[in-house]
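Trainee: Heads up: the protein sequence lines correspond to chains A and B, in order.
Under the numbering used here, the first residue of the first sequence is numbered 8, with each subsequent residue one higher.
Under the numbering used here, the first residue of the second sequence is numbered 326, with each subsequent residue one higher.
Here a beta-carbon is modelled for each residue, glycine too, at the ideal position from N, C-alpha and C.
One structure, pasted below without further comment.
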Amino acid sequence: MPALSEDPRLRYVLRLADTSLILGQRLSEWVGHAPALEEDLGVANIALDLIGQARLLLSYAAQLEGRGGTEDELAFLRDAAQFLNLTLVEQPNGDFGHTVVRQLLVSAFQLELYTALQTCADPRLAEIAAKAVKETQYHVRYSASWVVRLGDGTAESHARVQDALTQLWPFTTELFADDGVDAAMIAAGIAPDAAALRALWSARIDAVLAEATLTRPADAPFPWHGKRGVHTEHLGYMLAEMQFLQRAYPGAEW
Amino acid sequence: MSLAAEVELAPGDWQERIWRLLGEVNDPEIPILSITDLGIVRYVRGTSREDARVGLTPTYSGCPATEVIRRLVEAKLARAGLAHVVIETQLAPPWTSDWITPAARRKLSAYGIAPPVESVTNPKRLFGAAQVGCPRCQSTATRLVSEFGSTPCKAHYTCTDCLEPFDYFKCI
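Structure representation (structure tokens):
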């Protein structure tokens with residue numbers, strides 16, 4: 008793939024698309040391995056929603072790019088440094104408690120973000136957001152209910168989800184760390200204000216953590232830059248698997 | 326319906342004819358319902374049958390049936406001599422379970438899937454426990470097992486009276 012364009016709108020759409028795609032791919036690793044059949048189905052359905060949202064967003068990104076490319080080329084032929092997902096979503100699944108904590112942190116963020124984007128100045132993004140927000144409500148409800156059950160469960164489950172929260176919390180700083188792309192999108196009437204978004208997200212997360220008897224970790228300094236293409240080592244391994252078929256058999260269809 | 330009967334329709338009835346053909350295309354995952362029952366056919370437009378366009382909307386962004394439905398519609402129209410009809414995807418307004426027709430809700434229930442019980446315009450729907458009735462014994466003593474069932478559009482419930490597990494078509 009050629010170098011990514013600097014167009015802020017394209018980059019903004021790719022950040023949304025890649026965050027959904029990478030999280031959907033991560034969640035799909037649970038298929039056949041979840042603790043119970045119901046959770047296998049639950050996690051797989053969330054993955055399906057996320058990949059569906061990613062397809063809509065990647066198709067729009069391909070259109071913005073204007074090179075006649077497709078959603079599949081963007082998903083399967085970009086290298087890690089061209090992926091613009093939040094660093095949080097590429098983190099390994101860990102145990103089921105770890106997965107639902109990560110899901111709550113991301114889904115609560117996506118819910119507030121898509122709610123705001125429904126009325127943004129970009130009509131295509133607004134209609135994708137209106138579709139996604141309905142699905143995301145169920146993702147929040149699912150992950151929050153599991154965080155509460157495990158947090159307010161046994162000493163073992165409480166300790167595990169508290170530990171997951173402590174490990175994942177530092178990555179949440181990136182969710183609200185605006186850069187030039189976000190600033191351009193805010194100026195264009197597309198992206199919502201990060202501070203307002205953070206307040207809504209925090210209130211939602213705090214309510215779940217209180218019910219789950221979990222302690223909110225302190226905010227950490229911000230060393231993560233996934234949305235600028237600088238990733239943790241985990242993304243490369245994941246892409247190696249996700250992109251294998253198109254790399255080994257270019258243009259293969261089924 | 327036989328092909329001959331369709332061809333004999335007056336030319337002005339082309340829109341009605343397309344709607345009727347679409348009403349014979351069943352959802353691949355819930356074959357008891359047609360795609361018009363589900364409300365996923367949004368429009369049949371055009372100035373004449375020569376430039377007819379059909380608008381479909383997905384139920385969920387990632388629903389794997391979306392692609393299959395599009396092909397079923399293409400095949401149905403082609404068999405009726407309407408291969409030229411353009412099939413478009415409409416995303417907005419997003420599909421809602423409120424568009425499932427009353428007759429389709431009764432069909433769902435008879436098929437063993439509890440239909441959506443509330444309108445999505447009710448702001449409390451995500452917080453209160455919906456009174457989902459068991460499609461087998463009609464008891465409302467039911468319990469949510471999982472927010473997600475066999476497809477994205479369904480949740481998994483169990484009836485605590487007759488002990489039957491069942492799917493519930495979610496409000497979205």
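1. Consult DSSP for P490(B) and reduce its assignment to one of helix, strand or coil.
2. For the region 21-40 of chain A against the region 60-70 of chain A, are there 3 or more C-beta pairs whose distance is under 8 Å?
3. Tell me which residue opens and which closes the beta strand (DSSP E) that T483(B) is part of.
4. So, with DSSP's three-state summary, where would you put S114(A)?
5. Does the beta-carbon of E333(B) have 16 or more other beta-carbons within 10 angstroms, so that it is buried, or is it exposed?
6. Using a Cβ-Cβ cutoff of 9 Å, what residues of the region 126-137 of chain A are near chain B? List them in chain order.
7. Helix, strand or coil, according to DSSP, for L381(B) in the structure here?
8. In this structure, how does DSSP classify E413(B) when only helix, strand and coil are distinguished?
9. Could you check which residue in V411(B), G364(B), A439(B) has the C-alpha nearest to that of E461(B)?
10. Can a CB atom of chain B be found closer than 9 Å to the CB of Q60(A)?
11. Would you report the Cα separation of D492(B) and S464(B), rounded to the nearest angstrom?
12. By the criterion of Cβ-Cβ separation under 7 Å, what are the contact partners of L417(B) in chain A?
13. Just checking my contact of V536(B) with I425(B) at CB under 8 Å: how many whole Å lie between their CB atoms?
14. If the cut is a Cβ gap below 9 Å, which residues of chain D does I497(B) touch?
15. Distance check for L172(A) and T222(A), CA to CA, integer angstroms please.
16. For the region 87-107 of chain A against the region 138-157 of chain A, are there 3 or more C-beta pairs whose distance is under 8 Å?
17. To the nearest angstrom, how far is the alpha carbon of E341(B) from that of R74(A)?
18. Can you tell me whether L64(A) is buried or exposed? The criterion is at least 16 other CB atoms within 10 Å of its CB, across all chains shown.
19. Verify the CB distance criterion: does H481(B) have a CB-CB separation below 9 Å to chain A?
20. Exposed or buried, which one is F6(A) when buried takes at least 16 other CB atoms within 10 Å?
21. Where does L334(B) fall in DSSP's three states?
22. If we define contact as Cβ-Cβ less than 9 Å, is P441(B) a contact residue for chain A?
23. Using 8 Å as the Cβ pair cut-off and three pairs as the minimum, do the region 241-254 of chain A and the region 175-188 of chain A touch?
Mentor: A quick look at the data gives this:
1. strand
2. yes
3. 479-484
4. helix
5. Model confidence at E333(B) stands at a pLDDT of 46, short of 50, so the residue's coordinates are unreliable; what they give is reported in the following sentence. So E333(B) counts as exposed.
6. P130, R131, A133, E134, I135, A137
7. In the structure shown, L381(B) sits in a strand (DSSP, three-state: E or B).
8. strand
9. According to the sequence provided, residue 461(B) is Arg. The question's Glu does not apply to it. Closest by alpha carbon: A439(B).
10. yes
11. 14 Å
12. It is Ala, not Leu, that sits at residue 417(B) in the sequence shown. Going along chain A in sequence order, the residues near A417(B) (Cβ under 7 Å) are E134, A137.
13. It is not possible to answer for residue 536(B), since the shown part of chain B is limited to 326 through 497.
14. Included in the structure are the protein chains A and B, with no chain D among them.
15. About 9 Å.
16. yes
17. 40 Å
18. buried
19. yes
20. Chain A is shown from 8 up to 261; residue 6(A) falls before or after that span and cannot be answered.
21. Reliability of the predicted coordinates at L334(B) is poor, the pLDDT of 46 falling under 50, and the value obtained from them is presented with this limitation in mind. If DSSP states are grouped into helix, strand and coil, L334(B) belongs with coil.
22. Using a Cβ-Cβ cut-off of 9 Å, P441(B) does not count as an interface residue toward chain A, since no Cβ of chain A sits closer than that to its own.
23. The region 241-254 of chain A is not in contact with the region 175-188 of chain A.
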